[in-house]
Amino acid sequence: MQMIRTTIPLPVDIHQEWRMEALLKKMTLGELILEKTGTKKKRSSKMDVDGQIRKDFAFFDKVGRSGLAIDAVAAVREDRNRDNA
Numbered sequence: 011m012q013m014i015r016t017t018i019p020l021p022v023d024i025h026q027e028w029r030m031e032a033l034l035k036k037m038t039l040g041e042l043i044l045e046k047t048g049t050k051k052k053r054s055s056k057m058d059v060d061g062q063i064r065k066d067f068a069f070f071d072k073v074g075r076s077g078l079a080i081d082a083v084a085a086v087r088e089d090r091n092r093d094n095a
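The working numbering numbers the first residue of the sequence shown as 11 and each following residue consecutively.
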């Protein structure tokens, strides 16, 4: 679930009550509010994150191999020589 940070005004007593409840449950105030509204926050497990990282690296590796081979040093020298001519 994509999250957006926001600011909402709460009465002081409600804020203190919810903050204490969140501390006792060892969760953030945002997670407590999601719980109270009945919304479940999907947490990524470590395996999901590792799998996504591997998938991303495989994609970038494929993209990197599909392009033209470029000699970066030669390209910089050519550009420098063209500008200094």
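From the three backbone atoms N, C-alpha and C, an ideal C-beta is built for every residue, glycine too.
7 Å CB neighbourhood of residue i in its chain, flanking five on each side removed
i          : result
residue 67 : none
residue 39 : 28, 29 and 32
residue 49 : none
Residue j beta carbon less than 8 Å from that of residue i
i          : j          : result
residue 42 : residue 36 : no
Top-ranked residue by Cα proximity to residue i, from the options
i          : options           : result
residue 14 : 26, 44 and 21     : 44
residue 46 : 60, 63, 88 and 24 : 24
residue 77 : 59, 69 and 83     : 69
Of all the alpha helix (DSSP H) runs that stay within the bounds of the region 40-92, which reach a length of 4 or more residues?
56-76
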